[in-house]
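Chains A and B supply the protein sequences, listed in that same order.
When you line the first sequence up against the numbering used here, it's residues 1 to 111, in that order.
When you line the second sequence up against the numbering used here, it's residues 1001 to 1114, in that order.
Every residue gets a Cβ at the ideal spot worked out from N, C-alpha and C, and that includes glycine.
As the structure is a computational prediction, the values presented were derived from the model and not from experiment.
Heads up: the structure comes next, in structure tokens.
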Amino acid sequence: NAGVTQTPKFQVLKTGQSMTLQCAQDMNHEYMSWYRQDPGMGLRLIHYSVGAGITDQGEVPNGYNVSRSTTEDFPLRLLSAAPSQTSVYFCASSYSGAEAFFGQGTRLTVV
Amino acid sequence: GENVEQHLSTLSVQEGDSAVIKCTYSDSASNYFPWYKQELGKGPQLIIDIRSNVGEKKDQRIAVTLNKTAKHFSLHITETQPEDSAVYFCAATPGGTSYGKLTFGQGTILTVHP
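Here it is, written out as structure tokens:
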């Protein structure tokens, strides 16, 4: 049981580039979500999914897209990277929407 | 939407002392309140949680209390150890269709001095 796996662990992008942060879980959890963590601001919800084919926006969705074609995977797409998107990104999953399991994070720098 | 305030940004204690971290929340519909511990370079890990139908929950050296009337909840760590040093986050989530959308506090850096 790997839990929640995020790739890559580190990434440097140039302004305007696009990329996809991968998230996979092997616990058959219906709920998956993406958060960003910035110093002094805790974790803020970007996008959220309650099952395959269903996604919803969180607190800070602008500049990010998601889709959920399978229960296992929930990729986060940055369409045109901006320096303001420099952050640490965490993916989480949960069975019931309550106890969330987090991945190890992706540290993204946009220059 | 929900707003969660974590009032202490840092807390230093001596080994063996107790530590208490308090959070307040704004949405009276919130009904699930987890606490996460984050060590350097790692993702947050759930350490204890409480639901709105319970006032207190304990798990060995850690406990969480909830006051729904005042809309605050607290993490209590007794007999602190150096390995308790980490960042602690509180969170809340409302019920209904928003269940599972966690709103986090800003985090408290706990340092336990040997």
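Determine, for B:G1055, whether the minimum Cβ-Cβ distance to residues of chain A falls below 8 Å.
As a working mapping, residue 1055 of chain B is identified with position 55 in the second sequence. Judged by the 8 Å Cβ criterion, B:G1055 is not in contact with chain A.
Residue from A:Q22, A:S18 and A:W34 whose Cα sits closest to the Cα of A:T5
The count along the first sequence starts at 1 and reaches residue 5 of chain A at position 5. Nearest of A:Q22, A:S18 and A:W34 to A:T5, Cα basis: A:Q22.
Chain B beta carbons: is any one of them nearer than 8 Å to that of A:Y60?
Residue mapping note: residue 60 of chain A aligns to position 60 of the first sequence, counting from 1. It should be pointed out that residue 60 of chain A corresponds to Val in this sequence rather than to Tyr. So, not an interface residue.
Do A:L79 and A:S18 count as a contact pair if the criterion is CB distance below 8 Å?
As a working note, residue 18 of chain A is residue 18 in the first sequence. As a working note, residue 79 of chain A is residue 79 in the first sequence. Yes, Cβ-Cβ distance for A:S18 and A:L79 is below 8 Å.
Once you ignore the five residues that flank A:G63 on each side, which residues in its own chain have a CB closer than 7 Å to its CB?
Working through the first sequence from its first residue, we reach residue 63 of chain A at position 63. Result list for A:G63: L78, L79, A82 and Q85, in chain order.
Put B:P1114 into one of helix, strand or coil per three-state DSSP.
Along the second sequence, read from residue 1 onward, the residue named residue 1114 of chain B stands at position 114. Coil at B:P1114, not helix or strand.
Taking only beta carbons into account, state which residues of the stretch 1028-1049 of chain B come closer than 9 Å to chain A, listed in chain order.
Y1032, P1034, Y1036, Q1038, G1041, K1042, G1043, P1044, Q1045, L1046 and D1049
Give the interface partners of B:Q1106 over in chain A, defined as CB-CB distance under 9 Å, in chain order.
Counting from 1 along the second sequence, the entry for residue 1106 of chain B is found at position 106. Near B:Q1106 (Cβ distances below 9 Å), the residues of chain A are G40, M41 and G42.
In this structure, how does DSSP classify A:D73 when only helix, strand and coil are distinguished?
Indexing the first sequence from 1 puts residue 73 of chain A at position 73. Three-state DSSP puts A:D73 in a strand.
When B:D1027, B:Q1006, B:A1091 and B:I1048 are compared against B:Q1060, the one with the closest alpha-carbon
Position 60 of the second sequence, counted from the start, is the residue given in the question as residue 1060 of chain B. Checking every option, the nearest Cα to that of B:Q1060 belongs to B:I1048.
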